[in-house]
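Comments concern the structure below.
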């Protein structure tokens, strides 16, 4: 059974994995035996990522690539195949969010979120699938969100993109499952990252930040998730252990989606 979860000999591309959730997933893959490839939009971010992996004892391969640019992506994937090898595991992790009320949001800002969070996973998946077919199979994991299921104030573009990503996940599974390609999604809950740190800071009077209190009250686990909480589910979906799991979204949210919340 231990071998079922091994990623030894596999090449895993995690987009935007210089830090945060993508970095934690890539670390989990490396511990399971995979060779790590990642990209970011600037050389400075790639260099920071390479240094972070090296500090963890991981030899990663970092590249500069804008995942919304199809020509760049095709050249990037060709370079990875030449320098590292054919990608066995793709995690479409790169993403952005813009918290703007819908009626105050420009169409330009809306399109940018859709471009990064939905169009890019389509572009990168399309670039790796042909070689996966030739190799006899592969794994694609899309980082979805609870906003793939729920709406919330100020995140119309993000929710639209992540809802679309859920259906892209299911369609890739439908279209390419016959080639032994499994495409699944992970829907993180609220994760304690540097980006969410301001929302968890204690107030001047020592009380919780209002949003922190809101999340704790909505989560049966009564805590924020750690990035490492996503590593195990990702390894499962990247390994032979999930060979008959396809088109599924695995929500790693501490139970939020199952819970109506405490009575005030």
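Residue numbers (my numbering): 96 to 359. Where is the CB? At the ideal position from N, CA and C, for every residue including glycine. The structure presented is a predicted model; accordingly, all values stated were derived computationally and were not measured.
Coil, strand or helix - residue i by DSSP
i: residue 264; result: helix
i: residue 332; result: helix
i: residue 292; result: helix
i: residue 316; result: coil
i: residue 106; result: strand
N- and C-terminal bounds of the alpha helix (DSSP H) containing residue i
i: residue 123; result: 115 to 126
i: residue 165; result: 165 to 178
i: residue 250; result: Here residue 250 belongs to no alpha helix (DSSP H), and DSSP marks it neither H nor E.
CA-to-CA distance, residue j to residue i, given in whole angstroms
i: residue 107; j: residue 303; result: 39 angstroms
i: residue 307; j: residue 228; result: 45 angstroms
i: residue 183; j: residue 358; result: 47 angstroms
i: residue 110; j: residue 342; result: 20 angstroms
i: residue 297; j: residue 305; result: 10 angstroms
i: residue 193; j: residue 204; result: 8 angstroms
i: residue 351; j: residue 254; result: 16 angstroms
i: residue 208; j: residue 191; result: 6 angstroms
i: residue 181; j: residue 312; result: 45 angstroms
i: residue 188; j: residue 215; result: 10 angstroms
i: residue 252; j: residue 277; result: 27 angstroms
Beta-bridge pairing of residue i - partner residues as DSSP gives them
i: residue 234; result: 184, 277
i: residue 135; result: 159
i: residue 283; result: 347
Close-in-space but distant-in-sequence residues of the same chain around residue i (CB under 7 angstroms, 5 per side omitted)
i: residue 336; result: 99, 100
i: residue 168; result: 160, 162, 218, 219, 222
i: residue 324; result: 347
Same chain only: Cβ atoms within 6 angstroms of residue i, ignoring 5 sequence neighbours per side
i: residue 154; result: none
i: residue 174; result: none
i: residue 140; result: 113
i: residue 332; result: 236, 279
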